[in-house]
Amino acid sequence: MNDPQPVTPMTALIVDPEGRLTYMGSDGCRRIILGDPDLHERLQHLKNISDED
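For the sequence shown, our numbering assigns the number 582 to the last residue and increments by one with no breaks.
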């Protein structure tokens, strides 16, 4: 999907509990960049591994 005009991100990227990579745009809408349901689980696993070291 192509937006007619670019939207400036106003927040850092966030991985929500559903594993979607999102940001809040200057227009006040949350944008989903990646909707991978396993993303959150994989990131948590990597974080736990790095915390063990």
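Note that CB positions come from ideal geometry on N, CA and C, so glycine has one too.
Just so we're clear, the structure is a prediction, and the values are computed from it rather than from any experiment.
Between the CA atoms of residue j and residue i - distance to the nearest angstrom
i      : j      : result
Gly548 : Glu570 : 7 angstroms
Pro546 : Arg560 : 15 angstroms
Asp582 : Ile562 : 31 angstroms
Lys576 : Leu542 : 17 angstroms
Arg558 : Ser579 : Sequence check: residue 558 is Cys here, not Arg. If I take the Cα positions, the gap works out to 33 angstroms.
Nearest neighbour of residue i, chosen from the options [CA to CA]
i      : options                : result
Asp565 : Leu550, Ser555, Pro533 : Leu550
Asp567 : Val536, Val544, Pro535 : Val544
Beta-carbon separation (whole angstroms), residue i vs residue j, contact threshold 8 angstroms
i      : j      : result
Pro533 : Gly554 : 13 angstroms between Cβ atoms; not a contact.
Neighbourhood of residue i by C-beta distance below 8 angstroms, restricted to the same chain and skipping five residues each side
i      : result
Tyr552 : Pro538, Met539, Thr540, Ala541, Leu542, Ile543, Arg559, Arg560, Ile562
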